[in-house]
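One structure is given below, encoded as structure tokens.
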Ligand SMILES: [Zn+2]
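In my numbering, the protein residues as written are 16 to 421.
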């Protein structure tokens, strides 16, 4: 039997993916899955309870290539922009195994002939490569984070997943700096029977053999881990988006911010962080997850609701300089953000509002240690991600460079 010549037109899509051996039916199945992943990624990125700003990343493996979200891009843009970067899995895994430092950025393993994107792969690319399933979804889901930042988080999460019949496929990974250290820990637990991984002080990873399977599993896990947000004392009940119906005196807050490096946040739900004592405790406990540190810094400010107190705080923190915390809680009244806070910073303020509203007042918390903070803030890959961050949100007096985080 002689080989049938494949018409050039049929071969072209395969050549686009760099694999001339790929049958056309396979190419079309892959294209369908990538489109489905883009749609799912955009939906996850648009829901602040699932992930925020440039946080979270998704991927699809096909024919030795990992198509993974680019660093600094937003999942919400997945259908509008080309945010997926192709990376060769085998050499990346080899680099991870042998301790080759190139595994960290993964830029040396980009299959450049498949894409002309100038973007770097996600800082969590090796996390995706270390998981064998075809589809991997990693999100900074507020339902997961609210449990994963507790010292008793693993037990509580296991209990919830057990009740939902999901515990057999679950693994818990103790906190590690994202990137290679986290990938190594994930590689230890990953396998074909593990497709729900909770990352302590960080977020959720769900895997599946198809986009539809992973999406369905993710919704089951999130439903199992969900905690209704607590209403803020004295305010209207929380709304369906997970935000609160806070009704702070914005005129008074605005007046307090006048003449300082601070302004009102874009999102009114943020005020409950300062108005609910249990939420305030969470905010002041110290940073609990990586993106808070990257986009809002290591410290949250806290002052009494008086003009004198705000002035004294600003003077003490070094008015106008980077040392004033990006987020300031005005006790019982609401929150202010630095004028330089970017859209990412604003999104992380919303995340803190959503997470803190789900943590009871007596929950034992596990904030980052000084060593964990140092490792996060002295990592080149995060500086790159900050450099891609957007200009200050809201257009209100952006008086400094974006990214007041360390
Ligand atoms: Zn992450």
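A virtual CB, placed ideally from N, CA and C, is assigned to each residue, including glycine. Remember, it's a predicted structure, so these values are computed and weren't measured experimentally.
Check                                                                                                                                     : Outcome
Between the CA atoms of residue 350 and residue 38 - distance to the nearest angstrom                                                     : 57 angstroms
Whether residue 55 touches residue 226 by CB criterion (7 angstroms)                                                                      : yes
6 angstroms Cβ shell around residue 374 - same chain, five flanking residues per side excluded                                            : 161, 297
Complete runs of the alpha helix (DSSP H) confined to the stretch 169-227 [at least 4 residues]                                           : 195-204
CA nearest to the CA of residue 338, picked from 100, 329, 230                                                                            : 329
Under 7 angstroms between C-beta atoms of residue 209 and residue 175                                                                     : no
DSSP bridge partner residues for residue 317 (one or two, in chain order)                                                                 : 344
Residue 74 - DSSP class collapsed to helix/strand/coil                                                                                    : strand
Contiguous beta strand (DSSP E) assignments of at least 3 residues, all confined to the stretch 49-131                                    : 72-77, 80-84, 99-103
C-beta contact flag for residue 326 and residue 341 at 7 angstroms                                                                        : no
Close-in-space but distant-in-sequence residues of the same chain around residue 132 (CB under 7 angstroms, 5 per side omitted)           : 85, 97, 100
Where residue 321 falls, given that 16 or more other Cβ within 10 Å makes a residue buried                                                : exposed
Closest Cα partner of residue 142 within the set 371, 206, 166, 316                                                                       : 206
Chain-order list of residues whose beta-carbon lies under 7 angstroms from that of residue 237 (same chain, five-residue window excluded) : 156, 158
Validate contact between the stretch 65-85 and the stretch 358-367 using beta carbons, cut 8 angstroms, 3 pairs                           : yes
Sufficient close CB pairs (3 or more, under 8 angstroms) joining the stretch 100-113 to the stretch 73-90                                 : yes
Under the three-state DSSP convention, the category residue 136 falls into                                                                : strand
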